[in-house]
Amino acid sequence: MSNSKNRLEELLARIEAANAAYHEHDAPEITDAEYDALRREAEAILAEHPELREDAEALAQVGAKPAAGFKKLRHRTPMLSLDNVFAAEEFAEFWRSKSRFLGHEGAWELVAEPKIDGLSISLTYQGQKFVRAATRGDGAEGEDVTANILTLRDLPRQLPEDAPEFIEIRGEVYMTKADFLALNAAQERQFANPRNAAAGSLRQLDASITAKRKISLFAYAQGESSAPVAATHCEYLQTLKRWGFDVNPLSKLIPEGDGEAFQNGIGVARGTLPYDIDGVVYKVNDLALQSRLGFVGRAPRWACAWKFPAEKATTLLEAIEIQVGRTGALTPRAKLAPVNVGGVLVTYATLHNEDEIGRKNVRVGDVVELQRAGDVIPQILGVVKSGGGEAYVFPDHCPVCGSLAVRADDDVVRRCTGGLSCPAQVVERLIHFCSRLAFDIEGCGEKTMQEFYAAGWLHNAADIFTLPTHEAEIAKREGWGPVSAAKLSAGIAARREIGLERFIYALGIRRIGENNAKLLARHYGSYAAWKAAMIAGAEIGSDARLELGSISGIGPAIATDLVAFFVEEHNLHTLAALEREVRVLDAVSAAAVDSPFAGKVMVFTGTLTMARPEAKARAETLGAKVTESVSKKTDFVVVGEDAGSKAKKAAELGIRMLTEQEFRDLAGF
Ligand code: IVH
Numbered sequence: 147m148s149n150s151k152n153r154l155e156e157l158l159a160r161i162e163a164a165n166a167a168y169h170e171h172d173a174p175e176i177t178d179a180e181y182d183a184l185r186r187e188a189e190a191i192l193a194e195h196p197e198l199r200e201d202a203e204a205l206a207q208v209g210a211k212p213a214a215g216f217k218k219l220r221h222r223t224p225m226l227s228l229d230n231v232f233a234a235e236e237f238a239e240f241w242r243s244k245s246r247f248l249g250h251e252g253a254w255e256l257v258a259e260p261k262i263d264g265l266s267i268s269l270t271y272q273g274q275k276f277v278r279a280a281t282r283g284d285g286a287e288g289e290d291v292t293a294n295i296l297t298l299r300d301l302p303r304q305l306p307e308d309a310p311e312f313i314e315i316r317g318e319v320y321m322t323k324a325d326f327l328a329l330n331a332a333q334e335r336q337f338a339n340p341r342n343a344a345a346g347s348l349r350q351l352d353a354s355i356t357a358k359r360k361i362s363l364f365a366y367a368q369g370e371s372s373a374p375v376a377a378t379h380c381e382y383l384q385t386l387k388r389w390g391f392d393v394n395p396l397s398k399l400i401p402e403g404d405g406e407a408f409q410n411g412i413g414v415a416r417g418t419l420p421y422d423i424d425g426v427v428y429k430v431n432d433l434a435l436q437s438r439l440g441f442v443g444r445a446p447r448w449a450c451a452w453k454f455p456a457e458k459a460t461t462l463l464e465a466i467e468i469q470v471g472r473t474g475a476l477t478p479r480a481k482l483a484p485v486n487v488g489g490v491l492v493t494y495a496t497l498h499n500e501d502e503i504g505r506k507n508v509r510v511g512d513v514v515e516l517q518r519a520g521d522v523i524p525q526i527l528g529v530v531k532s533g534g535g536e537a538y539v540f541p542d543h544c545p546v547c548g549s550l551a552v553r554a555d556d557d558v559v560r561r562c563t564g565g566l567s568c569p570a571q572v573v574e575r576l577i578h579f580c581s582r583l584a585f586d587i588e589g590c591g592e593k594t595m596q597e598f599y600a601a602g603w604l605h606n607a608a609d610i611f612t613l614p615t616h617e618a619e620i621a622k623r624e625g626w627g628p629v630s631a632a633k634l635s636a637g638i639a640a641r642r643e644i645g646l647e648r649f650i651y652a653l654g655i656r657r658i659g660e661n662n663a664k665l666l667a668r669h670y671g672s673y674a675a676w677k678a679a680m681i682a683g684a685e686i687g688s689d690a691r692l693e694l695g696s697i698s699g700i701g702p703a704i705a706t707d708l709v710a711f712f713v714e715e716h717n718l719h720t721l722a723a724l725e726r727e728v729r730v731l732d733a734v735s736a737a738a739v740d741s742p743f744a745g746k747v748m749v750f751t752g753t754l755t756m757a758r759p760e761a762k763a764r765a766e767t768l769g770a771k772v773t774e775s776v777s778k779k780t781d782f783v784v785v786g787e788d789a790g791s792k793a794k795k796a797a798e799l800g801i802r803m804l805t806e807q808e809f810r811d812l813a814g815f
């Protein structure tokens, strides 16, 4: 158990670092395949130890931020990602777990579709007319690429009369291998692969450039619509085809048991297909079952992507460098002799942490084997030829500030103890504070934060709001001018009001990512209530600490990190300074405002016709908090067959009890 816990922590730290590198710094440090492998291993541990899930915040993130320059469009329903599997046994287990989730009997009927290696797109039709297109972006908000999509000649601009009044259709924009080769041959700029070429061509601010490039589109998924289009995914695809969309001709209805054969077949055909694919997507055919399965975190429960294995190469490890992160973590990375892996030039690979270097016994001067999938920095698999160098000695001092770097007994990560005296940590925190999911301040990226920190203007997050007082000086700095300086000030001014959930996230407290911030915001409602509870919660056994521990999803480790933040004098000082600069808005429950369960505490007891995980997920989607035991704080108890002591207690306390049918009626399903 403690081994699993340690390993999970290590995995989560890596995933978190990878998320930050990819989403916040736009500079991925590990490959898609490696990222997937980390997530898979973490999920496997969580499957065995569900009690550890509360610590698994890092698993909930998705997507990349929309680029500046494009108008942003908010997706009516989020565009999410897919869970990955890599082997037959995993595939089988994926579907078994969904059977358990729903209490579904028998094999699943699936639609298997090639997983196109392009970029996902959302197409909106209103009154049967094409009105807009958006990229996925971070899943919640994408870029408005309507003008660019209109350059696709085959895109249906008008749907037939029987199409719903409003419908959003999702699909993949891609470039064929032939068009990619022709494009690279015709221009100086070389794209690494067809996916980059498709993305680079679609995301042109000047749509006339897109028009000159050949990009294509396969439609494959539903967004929102004003009326149902089909009862099964197969039928939906056929409808799309009838409406004039390109639908992948290899998509096929198969019983779950045929998954492996289909996967192998596509694997063989892969090289001969006119476009790149990186796996196969398997989706539940029955749309009613899809909607019951719903979503968890970043992915639907009704589909998985079975990915192909990654590509490999060998090269020389030239140096090991150390980077210092927001929480002081020292992360090693390998500088490599540039090598082409599957068409992409690779110069760095992550080494994760001290133990990993030891485990792989990699030394400067070794020839190492790498693996990558996608256009990101790859993973080192191992040494293929030793260069006879010395074993690497991990620094015990921070390479940036020189403070002692220590490793707690149960931690895989060595951390700089410099805290706020370490420039690297301060700058990383500032970057996080301004990042898109936090204060989302335009123009306050990595370079700007470094520059203004070096200028002595920024000591803590609250100082960001004093930057406009330096506007005249900023305008005179190299690379700046009156326009960009004024824009920066305006960007800062625009963010003086912020929702509680973003505010909590922005503070960069260890283990408080987007999801946990949301849980806390929903629970406490206001900044004042949250802060008071965190300060009071420092005392173990206090009511405030017990309340914190009772929030579904917030476990002891998270609670400890939270209250520890409020014990530090400098954090309280920063909070007080922030209170003078910004107004934190109370949290409104994200769940349907008119849901009778929004903000309510619920308990399920007894046997229900739907499996417990489904019931819990349904209630949570409607804004409820589901707890295990009945107390005065419980608002509803849903009572199934053979309910025992919980129902009795609910009756004693006079808590509203619902039958399963009443719950369904109120929940509207
Ligand atoms: S269905 C809720 N079907 O893969 C997500 N996705 O790894 C529904 N992709 O973001 C997506 N081919 O960009 C689906 N036939 C296919 C796909 C496909 C490629 C991409 C898509 C998605 C990503 C997830």
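In the working numbering, the protein residues as written are 147 to 815. Glycine is no exception: its CB is placed at the ideal position from the N, C-alpha and C atoms.
| Query | Result |
| --- | --- |
| Length of the line joining the Cα atoms of G369 and I315 | 6 Å |
| Residue range of the alpha helix (DSSP H) that includes G816 | Absent from the model: residue 816. The displayed extent of the chain is 147 to 815, so no value can be given. |
| Per-residue DSSP class, three states only, for C380 | helix |
| Rounded C-alpha distance that separates F276 from D501 | 54 Å |
| Length-filtered (4 minimum) alpha helix (DSSP H) runs lying within the region 255 to 343 | 292 to 295, 323 to 332 |
| Whole-Å CB distance - A91 paired with G671, under 8 Å assumed | One cannot answer for residue 91 here, as it falls past the ends of the chain, which runs 147 to 815. |
| Closest Cα partner of G849 within the set V713, G637, E774 | With the chain covering only 147 through 815, there is no way to say anything about residue 849. |
| V842 to V487 span [Cα, whole Å] | Residue 842 is absent from the model: the chain starts at 147 and stops at 815. |
| I686 classed as buried or exposed, judged by whether at least 16 other C-beta atoms fall within 10 angstroms | exposed |
| Local Cβ density within 10 Å of F598, reported as buried at 16 or more and exposed below that | buried |
| Residue ranges of each alpha helix (DSSP H) within the region 384 to 442, 4 or longer | 405 to 415, 433 to 439 |
| Alpha carbon of F312 to alpha carbon of R222, nearest angstrom | 12 Å |
| Cβ-based burial, E714 [other Cβ within 10 Å; buried from 16] | exposed |
| C-alpha distance - L768 paired with R802, whole-angstrom precision | 17 Å |
| Exposure label - R134; buried when at least 16 CB within 10 Å | In the structure displayed, the chain extends from 147 to 815; residue 134 sits before or after that span and is not available. |
| Those residues which DSSP pairs with M803 across a bridge | V783 |
| Three CB pairs or more closer than 8 Å across the region 558 to 569 and the region 583 to 592 | no |
| K481: CB within 6 Å of a non-hydrogen atom of ligand 1 | no |
| Extent of the continuous beta strand (DSSP E) run through A449 | 449 to 453 |
| Proximity to K302 [Cα-Cα], best of R278, D404, R509 | The amino acid at residue 302 is misidentified as Lys; the sequence shows Pro. Nearest option by C-alpha distance: R278. |
| Where A173 sits in the DSSP three-state scheme | In this prediction, A173 has a pLDDT of 49, which is less than 50 and means its spatial position is unreliable; what the coordinates show is noted afterwards. Coil. |
| Stretch pair the region 430 to 448 + the region 460 to 474: three plus CB contacts closer than 8 Å | no |
| Under the three-state DSSP convention, the category T773 falls into | coil |
| Where P484 sits in the DSSP three-state scheme | strand |
| Residues that R479 bridges to, as DSSP identifies them | E467, T496 |
| Heavy atom of ligand 1 within 6 Å of E318 beta-carbon | yes |
| Whole-angstrom distance between Q304 and G288, CA atom to CA atom | 23 Å |
| Own chain partners of P759 with C-beta closer than 6 Å, once the 5 adjacent residues on each side are dropped | F247 |
| Contact belief for A286 with R186 at Cβ below 8 Å, rounded distance in angstroms | No, A286 and R186 are not in contact; Cβ-Cβ is about 25 Å, not under 8 Å. |
| Ligand 1 heavy atom lying under 6 Å from the CB of P340 | no |
| Secondary structure of H616, DSSP reduced to three states | helix |
| Length of the line joining the Cα atoms of H379 and E406 | 20 Å |
| Same chain, Cβ closer than 6 Å to M321, neighbours up to 5 away in sequence not counted | P340, A343, A344, I361 |
| Status (buried if at least 16 other CB within 10 Å, exposed otherwise) for F815 | exposed |
| Stretch pair the region 392 to 407 + the region 347 to 356: three plus CB contacts closer than 8 Å | no |
| Limits of the beta strand (DSSP E) - the one that I526 falls within | 525 to 531 |
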